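To start, the structure under review is shown below, and the notes come after it.
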Amino acid sequence: MSVPSYVGSMKGKDFINTNDFTQEEIHAIIKAAMDLREKYWSRVPTNYLQGKTLFMLFYNRSLRTRNSFEAGMHQLGGHAHFLSPQDVYTPTLPEDMIPYQTEAIADVARVLSRYGDAIAIRIYGDAAKWVIGRGNRVIQEFAKWSTIPVLNMEDDIYHPFQALADMMAIMQVAPKPKGKKFVVSYAYSGGLKPLAVPQSCVLIGTQFGMDVVLAHPPGFELEDHVIKAAKENADRYGGSFTVVNDMKEAFRDADFVYPKAWSPKRFFPPYNSKVDKEGAMEYQNRFKDWICTQELMDLTNKGKYMHCGPADRGQEVVDEVIDNPNYSLYFEQAENRLHVQKAVMSMVMG
Amino acid sequence: MSVPSYVGSMKGKDFINTNDFTQEEIHAIIKAAMDLREKYWSRVPTNYLQGKTLFMLFYNRSLRTRNSFEAGMHQLGGHAHFLSPQDVYTPTLPEDMIPYQTEAIADVARVLSRYGDAIAIRIYGDAAKWVIGRGNRVIQEFAKWSTIPVLNMEDDIYHPFQALADMMAIMQVAPKPKGKKFVVSYAYSGGLKPLAVPQSCVLIGTQFGMDVVLAHPPGFELEDHVIKAAKENADRYGGSFTVVNDMKEAFRDADFVYPKAWSPKRFFPPYNSKVDKEGAMEYQNRFKDWICTQELMDLTNKGKYMHCGPADRGQEVVDEVIDNPNYSLYFEQAENRLHVQKAVMSMVMG
Amino acid sequence: MSVPSYVGSMKGKDFINTNDFTQEEIHAIIKAAMDLREKYWSRVPTNYLQGKTLFMLFYNRSLRTRNSFEAGMHQLGGHAHFLSPQDVYTPTLPEDMIPYQTEAIADVARVLSRYGDAIAIRIYGDAAKWVIGRGNRVIQEFAKWSTIPVLNMEDDIYHPFQALADMMAIMQVAPKPKGKKFVVSYAYSGGLKPLAVPQSCVLIGTQFGMDVVLAHPPGFELEDHVIKAAKENADRYGGSFTVVNDMKEAFRDADFVYPKAWSPKRFFPPYNSKVDKEGAMEYQNRFKDWICTQELMDLTNKGKYMHCGPADRGQEVVDEVIDNPNYSLYFEQAENRLHVQKAVMSMVMG
Chain P
1 MSVPSYVGSM KGKDFINTND FTQEEIHAII KAAMDLREKY WSRVPTNYLQ GKTLFMLFYN
61 RSLRTRNSFE AGMHQLGGHA HFLSPQDVYT PTLPEDMIPY QTEAIADVAR VLSRYGDAIA
121 IRIYGDAAKW VIGRGNRVIQ EFAKWSTIPV LNMEDDIYHP FQALADMMAI MQVAPKPKGK
181 KFVVSYAYSG GLKPLAVPQS CVLIGTQFGM DVVLAHPPGF ELEDHVIKAA KENADRYGGS
241 FTVVNDMKEA FRDADFVYPK AWSPKRFFPP YNSKVDKEGA MEYQNRFKDW ICTQELMDLT
301 NKGKYMHCGP ADRGQEVVDE VIDNPNYSLY FEQAENRLHV QKAVMSMVMG
Chain B
1 MSVPSYVGSM KGKDFINTND FTQEEIHAII KAAMDLREKY WSRVPTNYLQ GKTLFMLFYN
61 RSLRTRNSFE AGMHQLGGHA HFLSPQDVYT PTLPEDMIPY QTEAIADVAR VLSRYGDAIA
121 IRIYGDAAKW VIGRGNRVIQ EFAKWSTIPV LNMEDDIYHP FQALADMMAI MQVAPKPKGK
181 KFVVSYAYSG GLKPLAVPQS CVLIGTQFGM DVVLAHPPGF ELEDHVIKAA KENADRYGGS
241 FTVVNDMKEA FRDADFVYPK AWSPKRFFPP YNSKVDKEGA MEYQNRFKDW ICTQELMDLT
301 NKGKYMHCGP ADRGQEVVDE VIDNPNYSLY FEQAENRLHV QKAVMSMVMG
Chain X
1 MSVPSYVGSM KGKDFINTND FTQEEIHAII KAAMDLREKY WSRVPTNYLQ GKTLFMLFYN
61 RSLRTRNSFE AGMHQLGGHA HFLSPQDVYT PTLPEDMIPY QTEAIADVAR VLSRYGDAIA
121 IRIYGDAAKW VIGRGNRVIQ EFAKWSTIPV LNMEDDIYHP FQALADMMAI MQVAPKPKGK
181 KFVVSYAYSG GLKPLAVPQS CVLIGTQFGM DVVLAHPPGF ELEDHVIKAA KENADRYGGS
241 FTVVNDMKEA FRDADFVYPK AWSPKRFFPP YNSKVDKEGA MEYQNRFKDW ICTQELMDLT
301 NKGKYMHCGP ADRGQEVVDE VIDNPNYSLY FEQAENRLHV QKAVMSMVMG
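Chains as they are written, first to last, in my numbering: chain P, 1 to 350; chain B, 1 to 350; chain X, 1 to 350.
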């Protein structure tokens, strides 16, 4: 078995936010993912991580992430541990320690670094006490102490592997995404959802020089540091980044639309003095008309429908749209999770 | 390593009910299982599913099933994911969806189909809301949407891998089971138990031309469609199928006896307007004398004792019987689970 | 790949208590662990257990044990199942059976023996109903019925793999431990902790001819049978074993100190008529001054600090001590768990 040159090419690096990497590096990851997809489909063995171990720590539920990481590690010849926080002594920030139930992340990270080859973490929402940024701080704390790569399986700010999978899906349709109109839109859901997906979407879209339009009702603003980074990306990579408050306007002539729920940040710390879930849900409920319908899709430039999954059918999108194989990339995005994760793991763990 | 011809010989097929297959196909599975048993015992490598992934979704507890599937996949060079419904967004039928906690089986099945090679499901009893047939419908829904094989690890109608393991145990004693007397009998337990095991037993027994006697008190009838299929099997394959209400009468001259608890269906939908667990348990409690004792075993034709496990000792059977190595097949049946499952996985996933 | 001679050299043996083995056997294990550590660090493949399965049954939480066993099995080419008692029918002693929720250990052990290659169990504290010795009895019951090796991942009497890892850490500093002063000391924690670690520590220390000093407040005596065995070890192997009630006195001129909490046994059966957790905690709280500080470390002979982890920082030890890389063996001990467990598994499962 010949080992491709990308294996080990980013050895030891953490993967927490796509914007920590250059456009060239992200390109290289997606190129590696395409190679791995080809090999997966044609059943070429890819044992690049033989004997290696990934520790997966899930503070939240997961279907796509858990199964794509675990299957992906096996396909690479390695093995992934599925760890629930309650099965270990819950790894915790210094200020959240509960004696005899938790263990300092500093210690957990250093111990796991002795046993295996990377640590992957998912933490947002209730698991991060709905203090926006606290999930990301948990991951940063792991990265600070770990001597092996730390992978962000979605926190409350970023979902970098989803963004990679999304860009890969875009490039399967438009190999040169530069100049294409990419709409990241709020869509209604009754549930509370983190900002991670839309924030990572606008970052990767602008990093590839796309004309990114962010659409949402008032009150659903993304975080300032993300808006700033998206604008800088647009300037650097020759695309654009605009924000509108009208779903219809945004969809017009779009090449890709990504209607997805998130919750208004001003009901949660640090943007609020307390966690106000009821306030957030009440406010969200005013925007039930932000749903992706066939009429909206008809406004696009034969645009493709995108969603990270699981979609709240009947709230964020109608079945007619998400299940239309002519333009829905829903299952391609899900599949691409497998390939981009295998790419990053091969590069940082190989 | 030379790959046996059975690997991949039923590529892509679901395995939900033994009666979906011809006698020849079931024979071929058991023959493959015997080959795999021989190789397991003599430590011959059997990496026929290298790099392949099985997703195991357990809505119910399991010792034998989980460990035999997971160890079996590893022995075949592959890997099995152990998935609890609460760790993923619980895969759910359309009518049972709960927003933000469940995900449509249609979506789960299509996503997992992108990541791996087969989906195995166990669901009955509380997990299927005690509506008889609802567990089977969950599995059928997975099969409808999945593009990879779906394996039934026990639902509320069938337990096909148990039936295969049982027939393999029978054939270890009687290589030609045709004409042997096989008694599938109710035995008392205070717990609520599905119909799956006795139903799959009478189906596979008749499929092999055995003289199958089903014994149970009044009120413990199997489902009509199973009775009909068992009779058709008996006609087609030259055996017989009779139902009696007397344990002693049934045991007389039996070659194999399988005393096992199940719950009376008329207390549960669709055979009742509501789920009446208390009614079922109260009714069951009238039949504490349906216990497999040495006296009953003495009536048989040096018959073998069988049970799928876990047996309710002191209720279904006395220790003296189940632990008698001269005629108890209890641990052989358990071991055979490993071999028959590896056989089917090799055939449908290879 | 050439297979070292230690692989399979203790084929089929259980590993429940280090004192069940001769000094020579324990030496051989640590020597094998050093070979495996060297190979781990230099990435030499060690597929000595290809296709083999370890069943891990965790009645208690675990970070180090679970991850080091699971990663270790993968590094040896095998696979470990992570089993929670609630996912299987909880394996149970005869007197603790609950119909339809538990399964007799006798049956579980015999079934798992058909599917794989070793069974590892962790059980103490609440999981063993705080009856001291009941956890050990569960493991003995598994060993009685299992036909494959049973490994003790910590019960309420012994923690043999921790003791091996500790002795390996000691030998990394002092290749000939004989005559070195090894202090196993009580240190305060508000939590309830088993006797397993200090008991296994004094046993392995005396088995290697060390001058073992056990230090604790009155009421924290170890079990008589352990004290007796430690004295016999000291006599046989030319070391010494003394008990003192003063932490300072113990630390003076020590080469290795192991300050660690355990709970006073006289509040628990069989040493008490009932489980009295409140009494134990109240009594423990009198000894908050038993904490490992820099001042205490300064009394030693440039002694090394040891702890099995997770340490209760601020109770058992101050951060300044545990995080001082000049003398803290904390993370070495944790890493050694991986190597010694791989050594024992290679020897008994190979």
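For glycine and all other residues, C-beta sits at the position ideal for the given N, C-alpha and C.
For clarity, every value in this text was computed on a predicted model and none was experimentally measured.
With a cutoff of 8 Å on beta-carbon distance, B:Pro177 and B:Ile170 are scored as near each other. In this structure, X:Tyr330 keeps its C-beta atom at 8 Å or more from the C-beta atom of X:Gly303. Contact between P:Ala28 and P:His339 fails: their C-beta atoms lie close to 14 Å from each other, not under 8 Å. Residue state for P:Met56 is assigned as strand, using DSSP reduced to three classes. DSSP, read as helix, strand or coil, puts B:Ile139 in helix. Within the model, the alpha-carbon separation for P:Ile119 versus P:Asn17 is close to 15 Å. Cβ proximity to chain X below 7 Å picks out nothing from the region 136-168 of chain B. Between the alpha carbons of B:Glu316 and B:Ala261 lies a gap of roughly 7 Å.
Within the model, the alpha-carbon separation for X:Gly125 versus X:Thr90 is close to 16 Å. Within the region 218-258 of chain P, the alpha helix (DSSP H) runs of at least 4 residues that lie entirely inside it are, in chain order, 224-237 and 247-251. What P:Pro99 touches in chain X, judged by beta-carbon distance under 7 Å, is Gly190, Gly191 and Asp312, going in chain order. Approximately 7 Å separates the beta-carbon atoms of B:Asn67 and X:Phe55; this is inside 8 Å, confirming the contact. Taking P:Leu93 as the centre and dropping the five residues before and after it, the same chain places the C-beta of Ile105, Arg134, Arg137, Val138 and Glu141 closer than 8 Å to its C-beta, in chain order.
When DSSP states are grouped into helix, strand and coil, P:Asp211 belongs to the strand group. Nearest to B:Met210 by C-alpha distance, out of B:Gln23, B:Ser2, B:Ala127 and B:Val275, is B:Gln23.
By the rule that beta-carbons nearer than 8 Å mark a contact, B:Ala334 touches chain X. About 15 Å separates the beta carbon of B:Tyr158 from that of B:Ala127, a gap too long to meet the 8 Å contact definition. For the region 80-95 of chain B, the set of positions with a beta-carbon nearer than 7 Å to some beta-carbon of chain P reads His81, Asp87, Val88 and Tyr89 in chain order. X:Pro264 and X:Phe220 do touch by the CB rule: their CB atoms are close to 5 Å apart, below 8 Å. B:Ile29 carries a helical assignment under DSSP once its states are collapsed to helix, strand and coil. Annotated three-state conformation of P:Leu192 is coil, per DSSP. Taken through DSSP and simplified to helix, strand or coil, X:Asn301 comes out as coil. With contacts defined by Cβ atoms closer than 8 Å, X:Pro45 and P:Gly51 form a contacting pair. From the beta-carbon of P:Glu103, the residues of chain X found nearer than 7 Å are Leu63 and Pro310. At the C-beta level, X:Lys181 and X:Asp253 come within 8 Å of one another. By the Cβ rule, the region 69-88 of chain B does not count as touching the region 33-42 of chain X, because fewer than three pairs are nearer than 8 Å. The beta carbons of P:Lys342 and P:Gln75 sit closer together than 8 Å. Contact between the region 285-303 of chain X and the region 224-233 of chain X is not established, with fewer than three Cβ pairs separated by less than 8 Å. Exclusion of the five residues before and after P:Thr147 leaves Ser113 as the residues of its chain whose Cβ lies within less than 7 Å of its Cβ. CA-CA distance, P:Val348 to P:Gly8, rounds to 6 Å. In terms of beta-carbon proximity, B:Thr46 stays away from the interface with chain P, with every pair separated by 8 Å or more. For the region 285-298 of chain B, the beta-carbon criterion of a distance under 8 Å to any beta-carbon of chain X is satisfied by none of its residues. In summary, the residues of the region 106-120 of chain B whose CB is separated from some CB of chain P by less than 7 Å are Asp107, Val108, Arg110, Val111, Leu112, Arg114, Tyr115 and Gly116, in the order they occur in the chain. Here the alpha carbon of X:Leu49 sits roughly 14 Å from the alpha carbon of X:Met10. About 19 Å separates the beta carbon of X:His81 from that of X:Thr102, a gap too long to meet the 8 Å contact definition. Taking the Cα of X:Val184 as reference, the smallest distance to any Cα among X:Val257, X:Ile26 and X:Pro99 is reached at X:Val257.
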